[in-house]
Each structure stands twice: as structure tokens, then as C-alpha cells.
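Here the structure is laid out as C-alpha cells; the discussion comes afterwards.
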Amino acid sequence: MDLERALAAFLEESTELLAEMESLLVGAADRPLGSDELNALFRAMHTIKGSAGIFGFGYLAAFAHEAETVLDRIRDGDLALGEAVTGVLLDCHDHVKAVIGQWAAHEPIDEAQGEVLRARLAALQEGATPLAGGEVKGAAATLWRIHAAFDRSVFREGMEPTDIFGYLATLGDIVSVDADMSQMPGGDAFDPTSCYLVFTIVLHSDASVDVLRGAFGFLSDASDIRIEPDASAVATEALPEVAARPADDEPVAASRPVPASRWVKVEASRIDQVIDLVGELVIASSAASLMAFRHEDPALRETTECLVSLVDAIRTRVLGMRMIEIGEIFGRFPRLARDLSSETGKPVHLELQGSETELDKSMVDRLGEPLTHLVRNAIDHGIEPADARERSGKPAIGHVRLAARHEAGSIVIEVSDDGAGLDRERILARARERGLVGVADSPGDTEVFSLIFLPGFSTAEQVTTRSGRGVGMDAVRQVIDELRGTIDIASREGEGTTFRLRLPLTLAIIDGFLVKVAGSAFVIPLERVVECAELTGEGFPAGSFGCHDLRGEILPIIVLSAFFGVSGPRARRRNLVVVRFGEQRAGLVVDELEGECQIVVKPLGELFRHLKALSGSTILGNGDVALILDVSALIAMAVAASARQYSVAESPGSQPAKMQ
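In full-length UniProt numbering, the protein residues as written are 1 to 660.
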């Protein structure tokens, strides 16, 4: 491991540890933390301190040591983890996070903030009171002997072994350090870039074996590190880590090997490269399958069918590697809710549901800011003050729910609150002031609520540090559009508001349904297809939009040849592909049904970004380019057009197309 990779590992590990700390500290407001959780808090700060010491980051190691001391007293039962202590530790968490970011970016460290926090930590310890229920004593100090034979390549990897001594000094008193030079070769065999020294360190410390071993965590497995109690020590007490030997008359349960989960951390860019290669493999397998179909060779068909099956299995597993739990971003919101509750003076309970729901990592990375804005708005604008809620018969504590689930091949994320709801009349009045809605127009709730997504639109009377400038909701909509998703609003005045986001599970490789329109190829995402039917008759609308009676259901339809303006040989019969997105359905009129296919989604590029009905393109097995339809956009346009043109009945003289 070279120095650059070691630093990257340190930054990644620190991010994970800080996230765990924040989650535990915020959770302490709702329930007392157990011993395992208190130990996890201590270990997180302790690990950061140790890693900082190894990399020579003295300021962070010293500050983390002081925070660790407070966490140790909490763990031992000398200090209660109350609201005041939690607040200080959360501020320490923020400072450590900021300092690591400043250090990584080679920016000046905010030591002034650190001094303020040091004073607050010291004040906590001076005013500490023991917890009820007895005192928990720490482990007695032990004399440890540490044998450290470093890997010969440790210098070439950018590590300085003696830096570890500085960290060990923070864990106790170094009694002695001996260097064995017997393995150092002479003459031409000596390599100045290799490490030949073997160190023996005697340390007096109350740290455990695991903590001491953690000091050497950044070394490769080739290094030989042995830690044991010093045989010359007077103390002969058993180590805390050694379990007491059972009495002879006590039955001993047979030990069973516990399967260990093995993890390999891989850079996301490497997974993306594999997915790109799998995408090309999908195209190649489609071409082979098409060739086998044309040659009518049974043996070749059987071989290609096996190939397609294997490629599909590889695709599923590779895409699964990029799927992560949405809890990675859900975890940041309890802290946000806590801070906003404190700032606004509104007591709020945040409920998280479906944190284990998985979706593509690239989408998780993009959803952080939109969800933050929606949760912030729910607390800042949606939830009423406690006294106002009580006057209206509601609990004083507001309720905000953030939920995720899989539904019909999509992921649905909801941000809801039980607050005052959107003020429909106020939104409409502001829209009329800005000339967005005519005075005589009476739009429905959906149209009125969608106005809040317009740039600069806000009904707030005053601007705060949190919101009110009308900036944000348009950015939320933009991100969701870029992810090929939709966002809907349901709100009832006095009862609350729900923002519902619906997104595809992945953006890379999908199953599609291939159709032809006037000789041009289009792909419909297979998860959106409900059914297909053959159409007969001449009663098609003259334009792009119309309605069709499908077994008693009046279905809005789009004639794709007219919609896209493509011309070519007209098919004798046309086909209707019924598609669905969420609760809405529509029909797409096409010429030919080609069947299912696996496709690699390619972006259209900046030149075609404004096209709402297309979400991408793909290369088919025969080399042709096909456009991927944006079903959600097409359904929205079809529903809107049918509402305008067929609000009462079909146009006179038009005969509906018949189902065969």
C-alpha cells in the first residue's frame, strides 16, 4: 500500500467512523445507549486519533485524544450522556470532520474553534457527576512487550515506522525501545530503501491488545507484529481479554467455526469500468443471438442461448455490485432534524423507513441534496410551532417521515409531514401576481402545487438563513429529471404534505421492449410495459394524441409516428403497447413489435437534453441505433392532451379503433 492509497483509506475510514458517531449521538436523544454502543463511540474517536498519529497529523491526534477522554468517562459510567454532553460531542464531531477536510485539501486548520471546544470538554469533566448505579472501573495498567518487524518495503510505500512510536506514547508510557540490527546486510546487498530493523518496545499502558494492535493497522500483512504482556512485569493478573477458565464440573459448549464475512473495498470507478465492459458484452451477445436466429442452426442457437443466459447472470451480479442501501444518505437526516428543531424551536420527530432499500450508487450520490432540501422544507415550512399545533388538536411534536420502497420496477421515496399543508390559494395568488396563471384560469391542485418547482418561486414573507429565496425546489426538480424520475405532491391544508419521488433502479443496463415505428427502432423499458394488443380499423386520431376504449377503460394514446414526425412504409396493422408509470397508464401506437432485449443505456448528449420524450439511446445487436422512450414524460403528455381534447366525449365522426 503506497502513501497515497493509505491516505485515501484513512479519509474513507474516518468518514465512516464519523457517520457512525453522529448516528449514535443523535440516537441518544431518544433512548439510552447500551454498552456496545458506548464502546463503538469510544472506538470511533480512538481509531481516528490513532490513524492521525500514524500520519503525523499531530493537531487532530491531540484534539481527538481530549474528546476520547470524555467518551471514555461516559463509557466507564463517570459522566452521563445528557443533552449538554451530546451537544458538545456533536460539535466535536463536526470539528473533526472539518479538520480532516481542511487537512486533505491542504487548507489552514481552524485551531481557534478547537480551543473553544477544548474548553467546553474540560468544563464537562470538571462538572462531571457519577451515574447512578455504581462506578465502573477501567482496566489496570499493564506492562506490554511489542515485537515489531516491519515489512522490508515499508519505506518504499511511503510509511515511516517510527511515527507509530509517537502514537504509542499517547496510549501510555514507553519504558524502552530496542533496535535489532542483526538482519542488516553489508556491502552491495544493502538496500537503503529497505527496512531491516526489528524493534522491541516495552510500554506501560491500560490499553487492550486490540487497541495496541490498531496502532499498526496501516501496515501490510507482511509485517510481523506481536504484542504480549512483559514476562518481567511484577503484576501477574490475567488479561481482561482472556476468558475465565470454566470449572471442571461446568459443561463446555462445543465450539463451532463462525463463517466470517469477507469484504474487499474496490474503487467505484473500477466497478463502472466493469459495467461498461458488460454493456459491450450485452451488445455482442445480442448480435450473436441475432446471427444464430438468421442462420437457423439449432446447435448455434443452443450455444448462443447459453451465452445470453450467462451474460444476463453476469449483468445482474455486476449491477448488484453498484447497488447500495439508501440508508447511506438517510443516516444524515436525524442530525439535520435535530439541528433544525433547535433553530426553529419546533419539536420534531423524524421517522425513517426502508433504509435497507437498495438503488444504484450513482443515484444515491445525486439524491443527497434534493432530499436534504425536502426535509428542511418540511420542518421549516411544513411543521407548525408547538402552540399552534396544540390549538388545532395536534400533538405538540411534529412528525416528519422519510420512507423508501421498491414498487413496480422503480424506487419510491416519500418525504411527508403532518404540518399545515401547502396553502393552495396563497400559491395561486403569488402565481397570478407574477403572471404565471391567468386571472380567469382555475387550475387543479396538481397544476397549482407544481408551480413551486419554478425558479425563484416562493410564498415566504421573509428570507431566513434556511430558506425563503425561492431557490432550491427548481434544483430538486432538475436533479429528479436528470435521473429520469418524477416528483409528485399530495397535500391537504391542515393535515400535511407528501413529496413522492419515483426513480428507476439503475441507469446503466436495462431490459427493454423493442418496437418499430415507420421503420425506426425505439425501446420501451420493459418494467413499464403492461400488455400489448393488435389494433384494427381506421379510427386513429389525425394528430399525435387521442383516446382509445380498451375493454371499457378510456385510455389516452400517443401515435408515435405522428408524435416524432417519422415517415416510412405504413404497416397494415398497428399495435398498442400499454405502459404504466406509477398510477397512470397510456397506450403507445406502434407499427411492429420486435420483442424483449437487453440494452446498454447511452446518454443523448447536451444537444438533445431538451427532448422530454427520450431518455437515451442504445446500439442494437445488428448495429442499428435505437432511441429509448421516456415513458413517464409520454404518459404525462398523453394524459394532459386527453384531458384537453376529450373532456366530454370523442370528437364527432371519429370511430374508435377496435381490438382484435
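Glycine is no exception: its CB is placed at the ideal position from the N, C-alpha and C atoms.
Since this is a predicted model, take the numbers as computed values, not measurements.
- For proline 298, the enclosing alpha helix (DSSP H) covers residues 298-321.
- Leucine 503 sits close to methionine 363, with the two beta carbons spaced by under 8 angstroms.
- By the Cβ neighbour-count rule, valine 154 is buried, with 16 or more other Cβ atoms within 10 Å of its own.
- Distance check between isoleucine 480 and each of Gly368, Ala122, Phe545 places Gly368 closest, using alpha-carbon atoms only.
- Contact between phenylalanine 199 and aspartate 178 holds, with the beta-carbon distance rounding to 7 angstroms and staying under 8 angstroms.
- The beta-carbon distance between tryptophan 144 and proline 229, rounded to whole angstroms, is 6 angstroms. This is short enough to meet the 8 angstroms contact definition.
- Shortest Cα-Cα distance from glycine 456 to any of Gly472, Glu68, Pro395, Val515 involves Gly472.
- Rounded to whole angstroms, the gap between the alpha carbons of leucine 374 and arginine 294 is 53 angstroms.
- For the UniProt domain "CheW-like" (509-640), the full-length alpha helix (DSSP H) segments reaching 4 residues or more read 560-564 along the chain.
- Its Cα nearest to that of leucine 168, the residue Phe216 stands out among Arg152, Tyr196, Phe216.
- A distance below 7 angstroms between beta-carbons, with the five flanking residues on each side excluded, links histidine 204 to the following residues of its chain, in chain order: Ala141, Leu143, Gly172, Asp173, Val175.
- Annotated three-state conformation of glutamate 433 is helix, per DSSP.
- Leaving aside the five residues that flank valine 631 on each side, the residues in its chain whose CB is nearer than 7 angstroms to its CB run, in chain order, Ile524, Pro525, Arg528, Val579, Phe581.
- CA-CA distance, histidine 65 to serine 355, rounds to 33 angstroms.
- Across the structure, glutamate 407 and phenylalanine 57 are spaced so that their CA atoms are roughly 48 angstroms apart.
- Taking isoleucine 324 as the centre and dropping the five residues before and after it, the same chain places the C-beta of Glu358, Lys361, Val364 closer than 7 angstroms to its C-beta, in chain order.
- Under the three-state reduction of DSSP, phenylalanine 499 is assigned to strand.
- By the Cβ rule, the region 26-40 counts as touching the region 69-88, because three or more pairs are nearer than 8 angstroms.
- If you compare the alpha carbons of Ala123, Asp276, Val99 with that of glutamine 113, the shortest gap goes to Val99.
- Residues of the same chain with a CB within less than 7 angstroms of the CB of glutamate 594, apart from the 5 flanking positions on each side, are Leu514, Val515, Lys516 in chain order.
- Distance from the Cα of glycine 320 is smallest, within the candidate group Ile275, Met291, Ser544, for Ile275.
- Around glutamate 328, the same chain offers Val364 as residues with beta carbons nearer than 7 angstroms, after the five sequence neighbours per side are excluded.
- In terms of CA proximity to lysine 394, Ile383 leads the group Ile383, Ala403, Leu402, Ala404.
- With respect to the C-alpha of asparagine 377, the residue from Ala420, Arg389, Leu436, Ala404 having the closest C-alpha is Ala420.
- Cβ neighbours of leucine 71 within its own chain (closer than 7 angstroms, five residues either side excluded): Leu41, Phe42, Met45.
- Phenylalanine 199: member of the beta strand (DSSP E) spanning 198-205, first to last residue.
- With contacts defined as CB atoms closer than 8 angstroms, leucine 560 and cysteine 547 fail to qualify as a contacting pair.
- Straight through space, the alpha carbons of alanine 586 and alanine 638 are spaced by roughly 7 angstroms.
- Boundaries cannot be given for glycine 82, as no beta strand (DSSP E) includes it and DSSP labels it neither H nor E.
- For proline 385, there is no enclosing alpha helix (DSSP H), as DSSP marks it with neither H nor E.
- Linking alanine 313 to lysine 346 through their CA atoms gives a straight-line distance of about 51 angstroms.
- Secondary structure note for threonine 142: its beta strand (DSSP E) is the uninterrupted segment 142-149.
- Closest in alpha carbon position to glutamate 583, among Gly623, Leu340, Val412, Gly101, is Val412.
- Its chain contains Phe42, Met45, His46, Lys49 as the residues whose beta carbon lies nearer than 7 angstroms to that of glutamate 68, once the 5 sequence neighbours on both sides are disregarded; these appear in chain order.
- Per DSSP, isoleucine 397 is not a residue of any alpha helix (DSSP H), being assigned neither H nor E.
- Here DSSP, grouped into helix, strand and coil, assigns glutamate 267 to coil.
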